[in-house]
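**Q**
Numbering (this note's numbering), first residue to last: 28 to 647.
1) Ordered along the chain, which non-local residues of its own chain (more than five positions away) have a Cβ less than 7 Å from that of residue 322?
2) Mapping the DSSP letters down to three states, classify residue 222 as helix, strand or coil.
3) Please say whether residue 169 and residue 185 have beta carbons closer to each other than 8 Å?
4) Quick one, are the C-beta atoms of residue 246 and residue 204 less than 8 Å apart?
5) Are the beta-carbon atoms of residue 607 and residue 590 separated by less than 8 Å?
6) Return yes when the Cβ of residue 88 is within less than 8 Å of the Cβ of residue 270, no when it is not.
7) At which residues does the beta strand (DSSP E) containing residue 573 begin and terminate?
8) Between the C-alpha atoms of residue 337 and residue 382, what's the straight-line distance to the nearest angstrom?
9) Check this for me: beta carbons of residue 102 and residue 348, under 8 Å apart or not?
10) In this structure, how does DSSP classify residue 451 when only helix, strand and coil are distinguished?
11) Given a cut-off of 8 Å, decide if residue 225 and residue 191 are closer than it, judged by their beta-carbon atoms.
12) Round the Cβ separation of residue 166 and residue 199 to the nearest angstrom and send it over; I've been treating them as touching at under 8 Å.
13) Could you check what DSSP says for residue 358 in three-state terms: helix, strand or coil?
14) Are residue 628 and residue 517 close, meaning C-beta to C-beta below 8 Å?
15) Determine the DSSP secondary structure at residue 272, reduced to helix, strand or coil.
16) Do residue 263 and residue 220 have their C-beta atoms closer together than 8 Å?
17) Between residue 142 and residue 174, which are expected to be in contact by the criterion C-beta below 8 Å, what is the C-beta distance as a whole number of angstroms?
18) Which of the three DSSP states, helix, strand or coil, is assigned to residue 641?
19) Per DSSP, residue 183 forms a beta bridge with which residues?
20) How long is the line joining the alpha carbons of residue 598 and residue 289, rounded to whole angstroms?
21) Might you give, ordered along the chain, the residues of its own chain that have their beta carbon closer than 7 Å to the beta carbon of residue 353, omitting 5 neighbours on each side?
22) Comparing alpha-carbon positions, which option in 515, 388, 545, 235 lies nearest residue 596?
23) Leaving aside the five residues before and after residue 551 along the sequence, list all residues of the same chain whose C-beta is less than 6 Å from its C-beta, in chain order.
24) Cα-Cα, which of 114, 229, 136, 194 is closest to residue 161?
25) With a threshold of 8 Å, are at least 3 pairs of Cβ atoms found where one atom belongs to the stretch 206-222 and the other to the stretch 544-560?
26) Taking 8 Å as the limit between beta carbons, can you name the residues of its chain near residue 539, skipping five residues before and five after?
27) Taking the continuous alpha helix (DSSP H) assigned at residue 559, which residues delimit it?
28) Going by Cα to Cα distance, which pick from 298, 342, 302 is closest to residue 311?
29) Take the Cβ of residue 139 as the centre, count every other Cβ of all protein chains shown within 10 Å, and call the residue buried at 16 or more, exposed below.
30) Straight-line CA distance for residue 202 to residue 157?
31) Excluding five sequence neighbours on each side, which residues of the same chain lie with their C-beta closer than 8 Å to the C-beta of residue 123?
32) Rounded to whole angstroms, what is the Cα-Cα separation between residue 639 and residue 238?
33) Write down the C-beta distance between residue 183 and residue 228 rounded to the nearest angstrom, noting that I regard them as a contact closer than 8 Å.
34) Could you tell me the alpha carbon to alpha carbon distance between residue 521 and residue 630, rounded to whole angstroms?
35) Quick check: what's the CA-CA separation for residue 530 versus residue 297?
36) Tell me residue 95's beta-bridge partners as DSSP assigns them.
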């Protein structure tokens, strides 16, 4: 294919006034100390110029259904500095030997070939692309390719603040940052590493340097972060963000379960309850995202509906893996090794024939994905959309978003560490954890919340028969259809005797696995919301509140756990409270078992319950 033509006369005119890039697009000479907005304007002018001088599209990159593949994703590395639970196992994945990975020159050779044939957008991915030492040089080399309009990168954000100024100068024009929670402790739980404040610093740096929008990718998982949807949307009120909610998808090693998936429509319903005026934006051609905006907000939100409403029909993406395999579909297993042909001395024409054959075999839509979805039962309803309880420091949504906006606004340099301190907390040596905080308390470790001592209210009426057994002695779920809806509250407790060694490590937060109290507290909250899936005959309850507290008892080398649940409905929530306390205790054992097996879990009991026909109960 011929490169995009630009007349010699036009080139001379452009050179007479401004410097030109290799594409012929006008580029203003950057002056030292000039605002970064110049670089943004330069990229905008370059894209406009290339749009006006585009050539016909390559037949090699057009499949049998007429889809033109103008977007190439290149994996720079298999390595990652995080271990996200939905992406890979904790121990990582087997890595390809270095000799089998694409070299920098091979990456650029393939990129040059694809751009020559019509690819106008390249996104660099991983693993984590920013851990590759020569990533800035790769971006700079790509920027010189004639016809390439957009160079993007998808990153976890850990190294972004440090590298972004260099990347922008090299020609990086688009950024996607992965962030699945706004809760520091939950971030550590999801990615199995620290670094929340570094990601926040990276997002801030991208905004500061003029990237707009800065795309934030959030994989939504039921029971983990679906209760943060509104808080993510609140960020777009004053910041130029495109928060992209991604349906949880299956990958090797992430133990995908359809029950963890929150569908696009369910997420949209949750957002519309808070912002009924939410409006849909026009969709761009070949876009994978359904975009929406709250009127008056600076940013927007999008949904990547890979599972519930696939976008195979408009797919324009191709992928090259770190070891040089061409994938024409993310969900497909079919791969063609361009590396092997390249190293065998294949000519450009031979490589194009191989690429064209692979693209030609691309299916209309991926059959294996459709079969998986057809075999999956419908997703369970959202149990937290009405009044989701915000764990670890996220209380009332308005106050939270206001506090966050204050922290973000005008944040420069040393203020970033202030942001990290505000969200991460530092905590005293005597550590306590609570899943709910007031606005003036430390967001991570706090004193135990005092409660009035339980008082007896007389023996509650009890049944002389088992309610979960039918007349023939078989297990049966109780029919609560005729019961009135009342406010139900239950409190349960448990104790974990750790022993002196494990207790000291927990107290000082020195366990290799991480913060045992925070992880146990999060596990308790999640368990309460999943009780009906764990206990067969329990009804599903739409909990309006869950609170899990953990307190260290140095006299017994123990951790005391107290869990409370609240809901309005026809059935009680004591099972939810007991499940929360028990799972929090089990999690503490799991976190500490490498240190000591002599750990005792005990005293799991109901402390109190209110509401319901059988009356209240308070343990003396």
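Glycine included, each C-beta is placed from N, C-alpha and C at the ideal position.
**A** In terms of the structure at hand:
1) Locating residue 322 in the chain shown gives position 295, where the first residue counts as 1. Cβ within range, chain order: 304, 306.
2) Here residue 222 refers to the residue found at position 195 when the chain shown is read from its first residue. In this structure, residue 222 counts as coil in the three-state DSSP scheme.
3) Counted from its first residue, the chain shown places residue 185 at position 158. Counted from its first residue, the chain shown places residue 169 at position 142. Not a contact, by the Cβ cut-off of 8 Å.
4) For the purposes of this step, residue 246 is identified with residue 219 of the chain shown, where counting begins at 1. For the purposes of this step, residue 204 is identified with residue 177 of the chain shown, where counting begins at 1. Not a contact, by the Cβ cut-off of 8 Å.
5) Sequence index remark: in the chain shown, residue 607 carries index 580 (1-based). Sequence index remark: in the chain shown, residue 590 carries index 563 (1-based). In contact: residue 607 and residue 590 (Cβ atoms closer than 8 Å).
6) Numbered from its first residue, the chain shown carries residue 270 at position 243. Numbered from its first residue, the chain shown carries residue 88 at position 61. Going by C-beta atoms, residue 270 is not nearer than 8 Å to residue 88.
7) Residue mapping note: residue 573 aligns to position 546 of the chain shown, counting from 1. First-last of the beta strand (DSSP E) with residue 573: 572-580.
8) Counting from one through the chain shown, the residue named residue 337 turns up at place 310. Counting from one through the chain shown, the residue named residue 382 turns up at place 355. Taking the straight line joining both Cα atoms gives about 24 Å.
9) Residue mapping note: residue 102 aligns to position 75 of the chain shown, counting from 1. Residue mapping note: residue 348 aligns to position 321 of the chain shown, counting from 1. Yes.
10) The residue labelled residue 451 in the question sits at position 424 within the chain shown. Low per-residue confidence applies at residue 451: pLDDT is 30, beneath 50, and the placement is therefore not dependable enough to give any value.
11) On the chain shown, position 164 is the one that residue 191 refers to. On the chain shown, position 198 is the one that residue 225 refers to. Their beta carbons are not under 8 Å apart, which means residue 191 does not touch residue 225 by this criterion.
12) For the purposes of this step, residue 166 is taken as the residue at position 139 of the chain shown. For the purposes of this step, residue 199 is taken as the residue at position 172 of the chain shown. The pair is a contact, with the Cβ atoms about 5 Å apart (cut-off 8 Å).
13) Taking the chain shown and counting its residues from 1, the one referred to as residue 358 is at position 331. In this structure, residue 358 counts as coil in the three-state DSSP scheme.
14) Taking the first residue of the chain shown as position 1, residue 628 is located at position 601. Taking the first residue of the chain shown as position 1, residue 517 is located at position 490. Not in contact: residue 628 and residue 517 (Cβ atoms no closer than 8 Å).
15) Reading the chain shown from its first residue, position 245 is the one you call residue 272. In the structure shown, residue 272 sits in a strand (DSSP, three-state: E or B).
16) Residue numbering aside, residue 263 sits at position 236 when the chain shown is read from its first letter. Residue numbering aside, residue 220 sits at position 193 when the chain shown is read from its first letter. It is not a contact, given that the beta carbons lie outside the stated cut-off.
17) Against the chain shown, residue 142 aligns to sequence position 115. Against the chain shown, residue 174 aligns to sequence position 147. That pair is a contact at about 5 Å.
18) Working through the chain shown from its first residue, we reach residue 641 at position 614. In this structure, residue 641 counts as coil in the three-state DSSP scheme.
19) Looking up residue 183 in the chain shown gives position 156. According to DSSP, which records beta bridges pairwise, residue 183 is partnered with nothing at all.
20) Taking the chain shown and counting its residues from 1, the one referred to as residue 598 is at position 571. Taking the chain shown and counting its residues from 1, the one referred to as residue 289 is at position 262. Using only the alpha carbons, I get a separation of about 25 Å.
21) For the purposes of this step, residue 353 is identified with residue 326 of the chain shown, where counting begins at 1. So the qualifying residues of the chain are 345, 347, 362, 363, 365, 382, 385.
22) Residue numbering aside, residue 596 sits at position 569 when the chain shown is read from its first letter. Per the Cα distances, 515.
23) Walking along the chain shown from the start, residue 551 turns up at place 524. Excluding sequence neighbours, residue 551 sits near 575, 590, 607, 610, 611.
24) Locating residue 161 in the chain shown gives position 134, where the first residue counts as 1. For the residues 114, 229, 136, 194, the minimum Cα distance to residue 161 belongs to 194.
25) yes
26) Walking along the chain shown from the start, residue 539 turns up at place 512. 621, listed in sequence order.
27) Residue mapping note: residue 559 aligns to position 532 of the chain shown, counting from 1. Counting along the chain, the alpha helix (DSSP H) containing residue 559 begins and ends at 558-561.
28) Here residue 311 corresponds to residue number 284 of the chain shown, with the count starting at 1. Nearest C-alpha to residue 311: 342.
29) For the purposes of this step, residue 139 is identified with residue 112 of the chain shown, where counting begins at 1. Answer is buried; the Cβ neighbour count reaches 16.
30) Position 175 of the chain shown, counting from 1, holds the residue named residue 202. Position 130 of the chain shown, counting from 1, holds the residue named residue 157. Approximately 12 Å, taken between the alpha carbons.
31) For this step, residue 123 is matched to residue 96 along the chain shown. Around residue 123: 105, 349, 350.
32) Along the chain shown, read from residue 1 onward, the residue named residue 639 stands at position 612. Along the chain shown, read from residue 1 onward, the residue named residue 238 stands at position 211. C-alpha separation (whole angstroms): 55 Å.
33) The residue labelled residue 183 in the question sits at position 156 within the chain shown. The residue labelled residue 228 in the question sits at position 201 within the chain shown. Not a contact, Cβ separation roughly 13 Å.
34) Counting from 1 along the chain shown, the entry for residue 521 is found at position 494. Counting from 1 along the chain shown, the entry for residue 630 is found at position 603. Spanning the two alpha carbons is a distance of roughly 5 Å.
35) What you label residue 530 is simply residue 503 of the chain shown in a count that begins at 1. What you label residue 297 is simply residue 270 of the chain shown in a count that begins at 1. Residue 530 and residue 297: Cα-Cα distance of roughly 41 Å.
36) Counted from its first residue, the chain shown places residue 95 at position 68. Residue 95 pairs with 89.
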